[in-house]
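Here my numbering is used: the first residue of the sequence shown is 190, the next is one more, and so on.
Even for Gly, the Cβ is constructed at its ideal location relative to N, Cα and C.
As the structure is a prediction and not an experimental result, all values here were calculated from the model.
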Amino acid sequence: MMRPSMSMFPALQDKAWLTSELASKSVRHIAKELGCSHPTVRFALQYHGIAILFKARRIPQLHDKQWLQDAIDRTQDTAALADELGCTTSAINRAMSRHGLPPLPPITMFPHKADNRTLIRLFFLHVEKTPTCWLWQRSRFQDGYGRLQYRRTTHRAHRFIYELIHGLLLPTVLVCHDCDNPPCVRPDHLFPGSGYDNLQDMVRKGRSLRGEANHHSSLTEDDVRIIRTLYASGARLQRELATMFSVNQTAISSVILRKSWGHVAP
Ligand SMILES: [Zn+2]
190 MMRPSMSMFP ALQDKAWLTS ELASKSVRHI AKELGCSHPT VRFALQYHGI AILFKARRIP
250 QLHDKQWLQD AIDRTQDTAA LADELGCTTS AINRAMSRHG LPPLPPITMF PHKADNRTLI
310 RLFFLHVEKT PTCWLWQRSR FQDGYGRLQY RRTTHRAHRF IYELIHGLLL PTVLVCHDCD
370 NPPCVRPDHL FPGSGYDNLQ DMVRKGRSLR GEANHHSSLT EDDVRIIRTL YASGARLQRE
430 LATMFSVNQT AISSVILRKS WGHVAP
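This is the structure we're talking about:
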């Protein structure tokens, strides 16, 4: 019998379409494009009797040792790379071990139920205190900010510690560095940034920061400035910005890398 979740997505009922999609995409990738869950896609495959090939076969990059090594050096994070390629982290880990590449230290995860004091204590186990800055020693984002996982969400380390100590901030408030050193998590080097005119403007216009009631799909010059400010300050991840502005992550990344909207200053 067809599951209700499957009948909601007509594309999943088209065996020929699914087969052709699967030739070049992963299950997760297809699920993401359709906006359904990957178990739903898996169920549809089973329903049609379509076999899933070994993942690495469909992702040629994973066969290329040099490419993989470079990508790992660039992202320092298998989850981010998995997201980029549309495969699972285990597919990447398997490919790395096949090529004899050493595994990355796992992303630091904090226990779900710990209280703030415990979280703060655990946090500083991963920090090296230099006479000036205190540096996050575990995985980092491409832009140098510390990265950790707590309650199934990826956080920026400096914002995480600031909020642990001072309480949660509104999404419009940025956590900035006095020292301009992204991996620094020393609490007295961090301060909440506000007074960004464009941010206030955004709030005034009623744009939802959480992307709930926001369905426009093209960006304005104001959006571009907001995206760059939020990203540079470390307040938001590319993925979060994509949700916030209802565009895909590639669009956000092009804005940040100035591949698009290059004429917008700063
Ligand atoms: Zn510092």
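Sheet register partners of residue i (DSSP bridge)
i: threonine 342; result: Tyr339
i: tryptophan 323; result: Lys318
i: histidine 366; result: Leu379
i: phenylalanine 299; result: Tyr339
i: arginine 329; result: Gly335
Euclidean distance between Cα positions of residue i and residue j
i: aspartate 412; j: valine 362; result: 17 Å
i: arginine 447; j: leucine 419; result: 15 Å
i: histidine 301; j: histidine 355; result: 19 Å
i: glycine 423; j: alanine 240; result: 42 Å
i: aspartate 266; j: leucine 207; result: 30 Å
i: tyrosine 339; j: leucine 430; result: 19 Å
i: alanine 271; j: leucine 257; result: 11 Å
i: cysteine 225; j: phenylalanine 198; result: 8 Å
i: arginine 310; j: leucine 353; result: 11 Å
i: leucine 398; j: threonine 409; result: Since pLDDT at leucine 398 reaches only 41, below the 50 mark, its modelled position is unreliable, and no value is offered.
i: lysine 254; j: alanine 421; result: 32 Å
i: histidine 347; j: tyrosine 334; result: 7 Å
i: leucine 357; j: histidine 378; result: 18 Å
i: glutamate 210; j: alanine 280; result: 19 Å
i: alanine 245; j: aspartate 259; result: Because alanine 245 sits at a pLDDT of 47, beneath the cut-off of 50, its placement in the model cannot be relied upon, and the point is left open.
Given residue i as reference, the closest of the options once Cα atoms are compared
i: valine 316; options: Pro372, His344, Gly289; result: Pro372
i: serine 486; options: Thr278, Pro249, Cys225, His237; result: No answer is possible for residue 486: it lies beyond the span of the chain, which begins at 190 and ends at 455.
i: arginine 287; options: His252, Thr321, Ala303, Leu274; result: His252
i: cysteine 368; options: Ser226, Phe312, Leu324, Arg425; result: Leu324
i: glycine 451; options: Thr264, Arg417, Met433; result: Arg417
i: leucine 314; options: Cys322, Gln326, His344; result: Gln326
i: valine 436; options: Asp203, Glu210, Glu222, Lys204; result: Glu222
i: proline 228; options: Asp262, Lys318, Leu201, Pro381; result: Leu201
i: alanine 268; options: Gly289, Thr307, Asp203, Arg329; result: Arg329
i: threonine 342; options: Gly238, Ser442, Ala260, Phe299; result: Phe299
Counting by C-beta, which residues lie closer than 7 Å to a heavy atom of ligand 1, in chain order?
Any residue whose Cβ sits closer than 7 Å to a heavy atom of ligand 1 makes the list: Thr321, Cys322, Trp323, His366, Asp367, Cys368, Asn370, Cys373, Arg375, His378.
Does the stretch 218–238 come close enough to the stretch 190–202 that 3 or more CB-CB pairs lie under 8 Å?
Counting C-beta pairs with one atom in each stretch, the stretch 190–202 and the stretch 218–238 have three or more that are closer than 8 Å, which means they touch.
Flag this pair as touching only if the stretch 264–281 and the stretch 215–222 have three or more C-beta atom pairs under 8 Å; answer yes or no.
Because the criterion of three Cβ pairs below 8 Å is met, the stretch 264–281 and the stretch 215–222 touch.
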